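Some notes on the structure that comes next.
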Amino acid sequence: MGQQIVHRLLISFPALLGVLFLCFCLLQVVPADPAMIIAGPDAKAETIAAIRRELGLDRSIPIQFFEYILRVLRGDLGRSIISNRMVSEELAMTIGPTVELMLGAMLIAVPSGLALGTLAAVNRGRLVDRVIMACSVAGVSMPVFFIGLILIQYVGFKWALLPFTGRTGPVWDGGLPSLILPALTLGAVLIGPIARLTRTAVLEVLGADFVRTARAKGLRESVVIIHHALRNAMIPVVTLIGLQAAFLLGGAVVTETMFSWPGVGRLAVGAIVSSDFPTAQGAIMILAVAFLSINLLVDVLYVYLDPRVQRR
Amino acid sequence: MSVEVLDSAYVADHETGTFARAGLLRRLARDRVAAVAALTLAAIVLAALLAPWIAPYDPYFTDLTKVMQPPGAEHWFGTDNTGRDILSRVIFGTRNTLMLGLVGVIVGGLFGGVLGILATYYRRLDGWIMRLVDVMLAFPAILIGLAVAAIFGAGLTAVVIALVVATVPAVAREARGAAMGVMGQDFMEAGRAVGVSDGALIWRYLTLNCISTIFVFLTLRFGQIILTGSALGFLGMGAQPPTAELGMMAAQGRDFLFMAPHIATIPSCVIFVIVLAANLLGDALRDVLDPRLQT
Numbered sequence: 166m167g168q169q170i171v172h173r174l175l176i177s178f179p180a181l182l183g184v185l186f187l188c189f190c191l192l193q194v195v196p197a198d199p200a201m202i203i204a205g206p207d208a209k210a211e212t213i214a215a216i217r218r219e220l221g222l223d224r225s226i227p228i229q230f231f232e233y234i235l236r237v238l239r240g241d242l243g244r245s246i247i248s249n250r251m252v253s254e255e256l257a258m259t260i261g262p263t264v265e266l267m268l269g270a271m272l273i274a275v276p277s278g279l280a281l282g283t284l285a286a287v288n289r290g291r292l293v294d295r296v297i298m299a300c301s302v303a304g305v306s307m308p309v310f311f312i313g314l315i316l317i318q319y320v321g322f323k324w325a326l327l328p329f330t331g332r333t334g335p336v337w338d339g340g341l342p343s344l345i346l347p348a349l350t351l352g353a354v355l356i357g358p359i360a361r362l363t364r365t366a367v368l369e370v371l372g373a374d375f376v377r378t379a380r381a382k383g384l385r386e387s388v389v390i391i392h393h394a395l396r397n398a399m400i401p402v403v404t405l406i407g408l409q410a411a412f413l414l415g416g417a418v419v420t421e422t423m424f425s426w427p428g429v430g431r432l433a434v435g436a437i438v439s440s441d442f443p444t445a446q447g448a449i450m451i452l453a454v455a456f457l458s459i460n461l462l463v464d465v466l467y468v469y470l471d472p473r474v475q476r477r
Numbered sequence: 392m393s394v395e396v397l398d399s400a401y402v403a404d405h406e407t408g409t410f411a412r413a414g415l416l417r418r419l420a421r422d423r424v425a426a427v428a429a430l431t432l433a434a435i436v437l438a439a440l441l442a443p444w445i446a447p448y449d450p451y452f453t454d455l456t457k458v459m460q461p462p463g464a465e466h467w468f469g470t471d472n473t474g475r476d477i478l479s480r481v482i483f484g485t486r487n488t489l490m491l492g493l494v495g496v497i498v499g500g501l502f503g504g505v506l507g508i509l510a511t512y513y514r515r516l517d518g519w520i521m522r523l524v525d526v527m528l529a530f531p532a533i534l535i536g537l538a539v540a541a542i543f544g545a546g547l548t549a550v551v552i553a554l555v556v557a558t559v560p561a562v563a564r565e566a567r568g569a570a571m572g573v574m575g576q577d578f579m580e581a582g583r584a585v586g587v588s589d590g591a592l593i594w595r596y597l598t599l600n601c602i603s604t605i606f607v608f609l610t611l612r613f614g615q616i617i618l619t620g621s622a623l624g625f626l627g628m629g630a631q632p633p634t635a636e637l638g639m640m641a642a643q644g645r646d647f648l649f650m651a652p653h654i655a656t657i658p659s660c661v662i663f664v665i666v667l668a669a670n671l672l673g674d675a676l677r678d679v680l681d682p683r684l685q686t
């Protein structure tokens, strides 16, 4: 298993290098010269040249890229043009809330999706199955912001049940109420795909010999479904959850913007709107690296869940 | 076996395909849900195409005496914060939103398909192309949109580029998977053995046999592309005011959500209906064209 993990880590390396190169290019191709932006509109040519030297912009592109990687490894992502704070500091403040939001969304979506998918599979062809599947197609087709708008309007504003702007603090420090609506918005779009795939996977497993054997030896139906069918049906579902990470990260950007949630996505959008390129670059890089890491984690989990993969 | 014999065998296959496709509409029509979805989508596309003729008002005409009016007889979908008719803006906005989806699907599908098929046919390219695909897949569509908007500035072009770039790797993977299956077929080896040129093998033998799988995948992808495009519009990275685009209209309406919820919810509902119809139709098409992919 250790060998498998090392192999997957090695495969991820070129992708990581590619991500870093694309993020590096982002600052190279922006129409504005970062040195001119930092120096301001009335700066003298010498000042701009000095800043260019200081930023290393006067060197060749491969050297700049190499230096960029070294800087990233040291955690130096440059300085925000707007707040003049280190980008790494800004990111450090926003990563926590984004992780919190994504975990919250997963905590809502995964159990609900698994439960609904299994319920639909067990009741195949009945009304419950049809209703769950119809809702899942509808859920997949709904824009994230639509769900957010409805929740803000009714749960947040009309019924005033939960806060709908900003984050009052970490979950363990009274921040749970402010997390619920954003997490529900983000999680809602994931329930459909998870339910759908769980249904297919459980249906497939329910026809397998080992399920028949489990029933034949007199196990209770709930034990057969939860311990035998669902556990084996988890393999494709885990892969799907990993693949949906892209969707979740994208959705997190929208959700954070809607709910003024102080996460990396909102930081990226704000930086782009205000032409704060170093911050935008850092935020985009962190999101892409996070996405790569989640995929890697899913691959490792896959090896753990399906022992057949280890032997391949 | 001569090239002519192989070709006639291919033509016979192809004709069977055409024959099968002739029954496609009939089989789709039998599926009631798919028929309703197809009709809804057709009506929306028609409305978008005929926008200048069927929109009841000028979508850019502001009337400050009629701001934020709820849906009624005069303005079916109500008016927005500057008194513009929402129905007319939705019709024009649908045009832009559909255009984004179509360009993303067609251009992204074309590039992705070519990459996937070339990777399969020329094994030495496979490693390079698939590593490139891996890197591209490391950027979720919204992130690509943000990056493109950071470089070129927000606008419909930024969204189109993002949607195309996001579609390419997914289609490339799908096309490679489909092409791998075809490459293993005897007729490919036979074609090569009798000296069919690479170009002919790639196009007539490989590509034409993968097209239905790629087409089904793109149909299913269309809804996702529309969702991503409108999410980018919602974030302010897409069409800029006063241009009508459904995602951007929803974002503008968000500021008036508590006073006039219809401004944000109506464009969002329209996106939902378009994507739902596209997904249902995609599911039905998949079942008809590529039953192996059924879930």
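Taken in order, these protein sequences are the chains called A and B.
So for the first sequence, our numbering puts the first residue at 166; every next one is plus one.
So for the second sequence, our numbering puts the first residue at 392; every next one is plus one.
Glycine is no exception: its CB is placed at the ideal position from the N, C-alpha and C atoms.
Here the structure is a predicted model, which means the values were calculated and not measured.
CB-CB under 8 Å to T407(B), same chain, minus the five flanking residues each way: which ones, in chain order?
Position 16 of the second sequence holds residue 407(B). No answer about T407(B) holds up, because its pLDDT of 46 lies below 50 and its placement is not dependable.
Should A215(A) be counted as a contact of the ligand NAD given a C-beta to heavy atom distance under 7 Å?
The ligand NAD is absent from the structure shown, which contains no ligands of any kind.
Proximity of F468(B) and V481(B) at Cβ, strictly below 8 Å:
In the second sequence, the residue the question calls residue 468(B) occupies position 77. In the second sequence, the residue the question calls residue 481(B) occupies position 90. Yes, they are a contact pair.
Three-state secondary structure (DSSP) at T473(B)?
Residue mapping note: residue 473(B) aligns to position 82 of the second sequence, counting from 1. Here T473(B) sits in coil by DSSP.
For D678(B), name the three-state secondary structure that DSSP assigns.
Here residue 678(B) corresponds to residue number 287 of the second sequence, with the count starting at 1. Residue state, collapsed to three classes: helix.
Should T656(B) be flagged as near chain A, meaning a C-beta pair shorter than 8 Å?
Taking the second sequence and counting its residues from 1, the one referred to as residue 656(B) is at position 265. It does: the Cβ of T656(B) has a partner Cβ on chain A nearer than 8 Å.
Chain B partners of S306(A), CB-CB under 7 Å?
Within the first sequence, numbered from 1, the residue matching residue 306(A) stands at position 141. Neighbours of S306(A) on chain B, chain order: G614, F663, V666, L667 and N670.
By the three-class DSSP mapping on this structure, what secondary structure does M459(B) have?
Residue mapping note: residue 459(B) aligns to position 68 of the second sequence, counting from 1. In the structure shown, M459(B) sits in coil (DSSP, three-state: anything other than H, G, I, E or B).
With DSSP run on the structure shown, which of helix, strand or coil describes R250(A)?
Stepping through the first sequence from its first residue, residue 250(A) is reached at position 85. Here DSSP, grouped into helix, strand and coil, assigns R250(A) to coil.
Mapping DSSP to helix, strand and coil, what is R289(A)?
In the first sequence, counting from the first residue as 1, residue 289(A) sits at position 124. Three-state DSSP puts R289(A) in coil, outside helix and strand.
Of the residues A381(A), F456(A), V402(A) and I400(A), the one placed nearest L414(A), counting alpha carbons only:
Residue numbering aside, residue 414(A) sits at position 249 when the first sequence is read from its first letter. When C-alpha distances from L414(A) are compared across A381(A), F456(A), V402(A) and I400(A), the shortest belongs to F456(A).
For R332(A), does the three-state DSSP call read helix, strand or coil?
Here residue 332(A) refers to the residue found at position 167 when the first sequence is read from its first residue. When secondary structure is reduced to three states using DSSP, R332(A) falls in the coil class, being assigned neither helix nor strand.
Hey, is the region 503-521 of chain B in contact with the region 561-578 of chain B, meaning 3+ C-beta pairs nearer than 8 Å?
yes
Proximity below 8 Å, CB of T422(A) to CB of L547(B)
For the purposes of this step, residue 422(A) is taken as residue 257 along the first sequence, with counting starting at 1. For the purposes of this step, residue 547(B) is taken as residue 156 along the second sequence, with counting starting at 1. Cβ atoms of T422(A) and L547(B): not closer than 8 Å.
Report the CB separation of G243(A) from G447(A) in whole angstroms; it is logged as a contact under 8 Å.
If you number the first sequence from 1, residue 243(A) lands on position 78. If you number the first sequence from 1, residue 447(A) lands on position 282. Between G447(A) and G243(A) the Cβ distance is about 7 Å, and since that is below 8 Å, they are a contact.
What residue does the alpha helix (DSSP H) around L235(A) start on, and which one ends it?
In the first sequence, the residue the question calls residue 235(A) occupies position 70. First-last of the alpha helix (DSSP H) with L235(A): I226 to R239.
Alpha carbon to alpha carbon, what distance is there between K209(A) and R612(B)?
Sequence index remark: in the second sequence, residue 612(B) carries index 221 (1-based). Sequence index remark: in the first sequence, residue 209(A) carries index 44 (1-based). Their backbone Cα atoms lie some 51 Å apart in a straight line.
What residues from chain B crowd round R322(A), counting only those whose CB sits closer than 8 Å?
The sequence position of residue 322(A) within the first sequence is 157, counting from 1. What sits at residue 322(A) in the sequence shown is Phe, not Arg. In chain order: L648 and F649.
Helix, strand or coil for R385(A), going by three-state DSSP, please let me know.
Numbered from 1 along the first sequence, position 220 holds the residue referred to as residue 385(A). Coil, per DSSP.
Does the region 415-429 of chain B touch the region 666-673 of chain B, meaning 3 or more C-beta pairs lie closer than 8 Å?
yes
Spatial neighbours of G644(B) in its chain, beta-carbon cut-off 6 Å, leaving aside the 5 residues before and after
Position 253 of the second sequence, counted from the first residue, corresponds to residue 644(B). Closer than 6 Å at Cβ, skipping near neighbours: I654 and A655.
Closest by C-alpha distance to Q631(B), when choosing among A428(B), V550(B) and F606(B):
For the purposes of this step, residue 631(B) is taken as the residue at position 240 of the second sequence. Q631(B) has its Cα closest to that of V550(B), out of A428(B), V550(B) and F606(B).
Of all the options L415(B), L478(B) and A581(B), which has the alpha carbon lying nearest to the alpha carbon of E636(B)?
For the purposes of this step, residue 636(B) is identified with residue 245 of the second sequence, where counting begins at 1. Checked all of L415(B), L478(B) and A581(B); the closest Cα to E636(B) is L478(B).
If you drop the 5 nearest sequence neighbours on each side, which residues of the same chain put their C-beta closer than 8 Å to that of Q685(B)?
Taking the first residue of the second sequence as position 1, residue 685(B) is located at position 294. Because the pLDDT at Q685(B) is just 48, under 50, the model does not fix this residue reliably, and the value given afterwards should be weighed accordingly. Only R677 and D678 meet the Cβ criterion.
When we look at the beta-carbon of D404(B) and count the other beta-carbons within 10 Å, is it buried (16 or more) or exposed?
Along the second sequence, read from residue 1 onward, the residue named residue 404(B) stands at position 13. Bear in mind that the predicted position of D404(B) carries a pLDDT of just 47, short of 50, making it unreliable; the figure below should be weighed with that in mind. Result: exposed.
Say whether chain B places a C-beta atom closer than 8 Å to the C-beta of T422(A).
Counted from its first residue, the first sequence places residue 422(A) at position 257. Yes, contact with chain B.
By a C-beta neighbour count over all protein chains shown, 10 Å radius and 16 as the cutoff for buried, is W426(A) buried or exposed?
As a working note, residue 426(A) is residue 261 in the first sequence. W426(A) should be labelled buried.
How is the alpha helix (DSSP H) around Y467(A) delimited, first residue to last?
What you label residue 467(A) is simply residue 302 of the first sequence in a count that begins at 1. F442 to L470 is the span of the alpha helix (DSSP H), which, as asked, contains Y467(A).
CB contact check: L506(B) to chain A, cutoff 8 Å
The residue given as residue 506(B) occupies position 115 in the second sequence. Taking Cβ atoms only, chain A never reaches closer than 8 Å to L506(B), which makes this a no.
For chain A, is any of its Cβ atoms less than 8 Å away from the one on L684(B)?
Taking the first residue of the second sequence as 1, we reach residue 684(B) at position 293. Annotation note: pLDDT 49 at L684(B) (below 50); position unreliable, coordinate value reported separately. No, no contact with chain A.
Rounded to whole angstroms, what's the CA-CA distance from I234(A) to L185(A)? Just pull it up for me.
On the first sequence, position 69 is the one that residue 234(A) refers to. On the first sequence, position 20 is the one that residue 185(A) refers to. Taking the straight line joining both Cα atoms gives about 7 Å.
Alpha carbon to alpha carbon, how far is V539(B) from F442(A)?
Mapped onto the second sequence, residue 539(B) falls at position 148. Mapped onto the first sequence, residue 442(A) falls at position 277. Using only the alpha carbons, I get a separation of about 12 Å.
Please name the residue, chosen from F322(A), A274(A) and A325(A), that lies closest to S301(A) on a Cα-to-Cα basis.
Here residue 301(A) is taken as the residue at index 136 of the first sequence, counted from 1. Nearest of F322(A), A274(A) and A325(A) to S301(A), Cα basis: A274(A).
In whole angstroms, give me the CA-to-CA distance for Y401(B) and L592(B).
One-based indexing of the second sequence puts residue 401(B) at position 10. One-based indexing of the second sequence puts residue 592(B) at position 201. Because the pLDDT of Y401(B) is 46, which lies under 50, any placement of that residue in the model is unreliable, and the number read from its coordinates should be weighed accordingly. Distance between the alpha carbons of Y401(B) and L592(B) is about 11 Å.
Would you decide whether G484(B) is buried or exposed? Buried here means 16 or more other CB atoms lie within 10 Å of its CB.
By 1-based counting over the second sequence, the position of residue 484(B) is 93. Looking at its Cβ environment, which holds 16 or more other Cβ atoms inside 10 Å, G484(B) is buried.
Residue-chain proximity (D517(B), chain A), Cβ-Cβ < 8 Å
Reading the second sequence from its first residue, position 126 is the one you call residue 517(B). So no, D517(B) is outside the interface.
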